[in-house]
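Numbering (the UniProt record's numbering), first residue to last: 1 to 112.
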């Protein structure tokens with residue numbers, strides 16, 4: 001009698017584009033608020049705003065992780081965000097996205 005193995009669980013690729021979009025949307029809002037509070041003029045275009053020197057504190061960035069949790073399907077720990085924050089949206093994305101991807105691979109077993 002032959003034994004049939006159960007099917008392997010479906011492995012899903014890391015939804016990098018969706019994570020970046022969710023984070024970017026939230027970080028743009030955070031940057032606008034921070035810029036207003038600090039009297040910093042932001043560029044009118046999105047690309048310029050992404051690179052603009054606007055201090056983004058770590059607590060604000062941790063709050064943005066909620067938007068990403070709906071994309072990845074699990075809770076993200078605060079330690080994904082660097083203590084002290086970031087100096088621009090671009091810097092925050094460059095640091096946070098790979099760390100989210102690492103957690104994804106650990107939890108889902110999927111590589112990019």
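Quick reminder that beta carbons are idealized off the backbone N, C-alpha and C, glycines included.
| Item | Value |
| --- | --- |
| In the DSSP assignment, find the unbroken alpha helix (DSSP H) run with residue 25 in it and report its ends. | 16 to 38 |
| So, residue 76 versus residue 59, is the Cβ gap smaller than 8 angstroms? | no |
| So what's residue 42 in DSSP terms, helix, strand or just coil? | coil |
| Alpha carbons only, please: which of 54, 84, 94, 19 is nearest the one belonging to residue 33? | 54 |
| Helix, strand or coil: how does DSSP classify residue 65 here? | helix |
| For residue 93, name the three-state secondary structure that DSSP assigns. | helix |
| Sort 28, 46, 98 by Cα distance to residue 17 and report the nearest one. | 98 |
| Taking the alpha-carbon positions, what's the residue 118 to residue 24 distance? | With the chain covering 1 to 112 only, the question about residue 118 has no answer from this structure. |
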